[in-house]
Amino acid sequence: MLCDLSKGLFLLAFCSLSSANSMAWNRRRDTTGSGISLYAYGGGTNGAPVFYDNGLAYIGYPALSSASTNITFTVDTNAAADPWYIAANTTDSVNSTAAFTGSPMFYIVPTDGSFEQAGFAANASAVPAGGKTTGFSWFGTSVAFAGSESDFEMAFWAVNTNTTGIWSLYWSKNNTNVDNSVSIVLKSTPPVSI
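Residue numbers (numbering that gives the first Met the number 0): 0 to 193.
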(Lines of atoms letter the chains of each structure in order from A and count residues from 1; the text may use other names and numbers.)
(Lines give C-alpha, C1' and ligand atoms only; values in the text may rest on other atoms or scores of the structure.)
Protein backbone atom coordinates (compact mmCIF):
# COMPACT_ATOMS: atom_id res chain seq x y z
CA MET A 1 0.00 0.00 0.00
CA LEU A 2 2.79 2.44 0.86
CA CYS A 3 4.41 1.70 -2.49
CA ASP A 4 1.18 2.49 -4.38
CA LEU A 5 0.76 5.75 -2.45
CA SER A 6 4.31 6.88 -3.29
CA LYS A 7 3.71 6.17 -7.00
CA GLY A 8 0.51 8.20 -6.84
CA LEU A 9 2.27 11.11 -5.12
CA PHE A 10 5.08 10.96 -7.69
CA LEU A 11 2.57 11.06 -10.56
CA LEU A 12 0.68 13.93 -8.92
CA ALA A 13 3.92 15.92 -8.45
CA PHE A 14 5.02 15.17 -12.02
CA CYS A 15 1.66 16.24 -13.49
CA SER A 16 1.69 19.45 -11.44
CA LEU A 17 5.14 20.38 -12.73
CA SER A 18 4.12 19.49 -16.26
CA SER A 19 0.98 21.67 -16.04
CA ALA A 20 2.88 24.62 -14.59
CA ASN A 21 5.49 24.33 -17.33
CA SER A 22 2.89 24.22 -20.12
CA MET A 23 1.04 27.22 -18.67
CA ALA A 24 4.25 29.29 -18.73
CA TRP A 25 5.00 28.10 -22.27
CA ASN A 26 1.53 29.07 -23.59
CA ARG A 27 1.42 32.53 -22.01
CA ARG A 28 0.21 35.10 -24.59
CA ARG A 29 2.06 38.31 -25.23
CA ASP A 30 0.03 41.40 -24.54
CA THR A 31 -1.27 42.79 -27.83
CA THR A 32 -3.03 45.89 -26.48
CA GLY A 33 -1.67 48.95 -24.75
CA SER A 34 1.62 50.76 -25.27
CA GLY A 35 5.19 49.52 -25.62
CA ILE A 36 4.43 46.82 -28.23
CA SER A 37 7.28 46.08 -30.61
CA LEU A 38 6.75 44.43 -34.00
CA TYR A 39 9.18 41.90 -35.44
CA ALA A 40 9.48 40.62 -39.02
CA TYR A 41 9.75 36.91 -39.85
CA GLY A 42 10.51 35.54 -43.29
CA GLY A 43 13.49 35.56 -45.62
CA GLY A 44 16.57 36.70 -43.75
CA THR A 45 14.76 39.08 -41.40
CA ASN A 46 14.96 36.56 -38.51
CA GLY A 47 12.80 38.51 -36.08
CA ALA A 48 14.35 41.93 -36.70
CA PRO A 49 12.28 44.84 -35.33
CA VAL A 50 10.32 47.43 -37.29
CA PHE A 51 11.82 50.93 -37.00
CA TYR A 52 11.22 54.51 -38.18
CA ASP A 53 13.39 56.41 -40.67
CA ASN A 54 12.29 59.68 -42.32
CA GLY A 55 8.59 58.83 -42.04
CA LEU A 56 8.94 55.33 -43.53
CA ALA A 57 8.91 51.85 -42.01
CA TYR A 58 12.02 49.66 -42.10
CA ILE A 59 13.03 46.31 -40.69
CA GLY A 60 16.38 45.65 -39.04
CA TYR A 61 18.60 47.40 -36.57
CA PRO A 62 18.83 51.10 -37.42
CA ALA A 63 22.20 52.61 -38.17
CA LEU A 64 23.20 55.51 -36.01
CA SER A 65 21.63 58.49 -37.72
CA SER A 66 19.41 61.32 -36.65
CA ALA A 67 16.63 60.00 -38.91
CA SER A 68 16.40 56.41 -37.55
CA THR A 69 14.55 55.57 -34.35
CA ASN A 70 13.61 52.31 -32.64
CA ILE A 71 9.87 52.40 -32.00
CA THR A 72 7.06 50.78 -30.08
CA PHE A 73 3.38 50.76 -31.00
CA THR A 74 0.29 51.68 -29.01
CA VAL A 75 -2.61 49.40 -29.90
CA ASP A 76 -6.07 50.13 -28.53
CA THR A 77 -8.38 47.32 -27.43
CA ASN A 78 -10.48 48.04 -30.54
CA ALA A 79 -7.39 47.62 -32.73
CA ALA A 80 -9.06 47.66 -36.15
CA ALA A 81 -11.07 50.84 -35.56
CA ASP A 82 -8.24 53.01 -34.24
CA PRO A 83 -4.85 53.99 -35.67
CA TRP A 84 -1.73 52.30 -34.33
CA TYR A 85 0.46 55.11 -32.99
CA ILE A 86 4.20 54.89 -32.48
CA ALA A 87 6.51 56.22 -29.80
CA ALA A 88 10.28 56.44 -29.77
CA ASN A 89 11.95 53.58 -27.90
CA THR A 90 15.13 55.40 -26.99
CA THR A 91 15.90 53.12 -24.03
CA ASP A 92 16.69 50.20 -26.40
CA SER A 93 18.82 52.32 -28.69
CA VAL A 94 22.27 53.85 -28.72
CA ASN A 95 20.60 56.85 -30.38
CA SER A 96 18.75 58.43 -27.45
CA THR A 97 17.13 61.21 -29.51
CA ALA A 98 13.86 60.54 -31.32
CA ALA A 99 13.82 61.45 -35.02
CA PHE A 100 10.18 62.58 -34.78
CA THR A 101 7.88 64.46 -32.45
CA GLY A 102 4.41 63.51 -31.33
CA SER A 103 2.88 60.11 -32.01
CA PRO A 104 2.79 59.35 -35.75
CA MET A 105 0.28 56.78 -37.08
CA PHE A 106 1.28 53.61 -38.93
CA TYR A 107 -0.09 53.39 -42.48
CA ILE A 108 -0.12 51.12 -45.52
CA VAL A 109 -1.39 51.74 -49.07
CA PRO A 110 -3.67 48.75 -49.80
CA THR A 111 -5.00 49.80 -53.22
CA ASP A 112 -5.24 47.22 -56.01
CA GLY A 113 -1.99 46.73 -57.88
CA SER A 114 0.04 48.85 -55.46
CA PHE A 115 3.41 47.90 -53.99
CA GLU A 116 4.04 50.79 -51.60
CA GLN A 117 6.35 51.24 -48.65
CA ALA A 118 4.57 51.40 -45.28
CA GLY A 119 5.20 54.45 -43.18
CA PHE A 120 4.17 56.80 -40.42
CA ALA A 121 2.11 59.98 -40.74
CA ALA A 122 1.90 62.82 -38.22
CA ASN A 123 -1.78 63.42 -39.11
CA ALA A 124 -4.48 62.27 -41.54
CA SER A 125 -3.55 64.86 -44.19
CA ALA A 126 0.01 63.46 -44.33
CA VAL A 127 -1.16 59.96 -45.31
CA PRO A 128 -0.50 59.22 -49.03
CA ALA A 129 -3.40 58.83 -51.45
CA GLY A 130 -5.10 55.47 -50.87
CA GLY A 131 -3.32 55.02 -47.53
CA LYS A 132 -5.04 53.53 -44.49
CA THR A 133 -4.24 54.16 -40.82
CA THR A 134 -7.01 51.94 -39.46
CA GLY A 135 -8.03 48.36 -40.10
CA PHE A 136 -5.02 46.72 -38.44
CA SER A 137 -5.79 43.79 -36.22
CA TRP A 138 -4.26 40.67 -34.70
CA PHE A 139 -4.42 37.18 -36.10
CA GLY A 140 -2.94 35.48 -33.04
CA THR A 141 0.25 37.48 -32.55
CA SER A 142 0.55 38.36 -36.27
CA VAL A 143 -0.48 41.72 -37.70
CA ALA A 144 -3.31 41.55 -40.23
CA PHE A 145 -5.19 44.21 -42.18
CA ALA A 146 -8.97 43.99 -42.33
CA GLY A 147 -9.93 45.01 -45.84
CA SER A 148 -13.51 44.28 -44.77
CA GLU A 149 -15.21 42.61 -41.80
CA SER A 150 -14.51 39.15 -43.23
CA ASP A 151 -11.33 39.77 -45.22
CA PHE A 152 -8.12 39.72 -43.18
CA GLU A 153 -4.91 40.08 -45.19
CA MET A 154 -1.27 39.63 -44.28
CA ALA A 155 0.57 41.01 -47.29
CA PHE A 156 3.72 42.55 -45.85
CA TRP A 157 6.97 42.35 -47.79
CA ALA A 158 10.62 43.03 -46.95
CA VAL A 159 12.59 44.68 -49.75
CA ASN A 160 16.39 44.74 -49.63
CA THR A 161 18.02 48.14 -49.22
CA ASN A 162 21.59 49.17 -49.96
CA THR A 163 22.45 48.44 -46.32
CA THR A 164 23.05 44.82 -45.29
CA GLY A 165 20.54 43.74 -42.64
CA ILE A 166 18.07 46.57 -43.37
CA TRP A 167 14.87 46.04 -45.36
CA SER A 168 12.11 48.44 -46.41
CA LEU A 169 8.67 47.35 -45.14
CA TYR A 170 6.15 47.17 -48.01
CA TRP A 171 2.53 46.19 -48.50
CA SER A 172 1.18 44.49 -51.61
CA LYS A 173 -2.53 43.72 -51.68
CA ASN A 174 -2.08 41.44 -54.70
CA ASN A 175 0.81 39.57 -53.05
CA THR A 176 2.92 40.27 -56.10
CA ASN A 177 6.63 39.87 -55.73
CA VAL A 178 9.15 42.44 -56.96
CA ASP A 179 12.91 42.05 -57.32
CA ASN A 180 14.84 41.72 -54.05
CA SER A 181 11.70 41.19 -51.94
CA VAL A 182 10.35 38.41 -49.77
CA SER A 183 6.93 37.89 -48.17
CA ILE A 184 7.06 38.33 -44.38
CA VAL A 185 4.85 38.22 -41.31
CA LEU A 186 4.87 40.94 -38.65
CA LYS A 187 4.45 39.64 -35.11
CA SER A 188 4.47 40.93 -31.58
CA THR A 189 6.64 37.94 -30.63
CA PRO A 190 10.36 38.71 -30.27
CA PRO A 191 12.92 36.24 -31.55
CA VAL A 192 14.17 33.60 -29.15
CA SER A 193 17.63 34.25 -27.72
CA ILE A 194 19.95 31.28 -27.99
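C-beta: ideal position from N, C-alpha, C; glycine also.
None of the values given here were measured: they were computed from a predicted structure.
Of the choices I85, P82, A78, D150, whose alpha-carbon is the least far from that of T140?
-> As a working mapping, residue 140 is identified with position 141 in the sequence shown. It is A78.
Distance, G59 Cα to Y106 Cα | To locate residue 106, count along the sequence shown from 1; it is residue 107. To locate residue 59, count along the sequence shown from 1; it is residue 60. Cα-Cα distance, rounded: 19 angstroms.
Taking just the CA atoms, how far does N45 sit from I193?
-> Residue mapping note: residue 193 aligns to position 194 of the sequence shown, counting from 1. Residue mapping note: residue 45 aligns to position 46 of the sequence shown, counting from 1. Each residue's alpha carbon lies about 13 angstroms from the other.
Leaving out the 5 sequence neighbours to the left and right, which residues in its chain are closer than 6 angstroms to S33 when beta-carbon positions are compared?
-> By 1-based counting over the sequence shown, the position of residue 33 is 34. Annotation for S33: T73 place their beta carbon closer than 6 angstroms to its own, counting only its chain and skipping 5 residues before and after.
Using alpha carbons as the reference points, say which of V191, E115, F144, P127 lies closest to Y169.
-> Along the sequence shown, read from residue 1 onward, the residue named residue 169 stands at position 170. For Y169, the nearest C-alpha among the options comes from E115.
Does DSSP put A157 in a helix, a strand or coil?
-> Counted from its first residue, the sequence shown places residue 157 at position 158. The answer is strand: DSSP assigns A157 an E or B state.
Simplified DSSP assignment, three categories, for S124 = The residue given as residue 124 occupies position 125 in the sequence shown. In the structure shown, S124 sits in a helix (DSSP, three-state: H, G or I).
Does the region 154 to 169 come close enough to the region 47 to 58 that 3 or more CB-CB pairs lie under 8 angstroms?
-> yes
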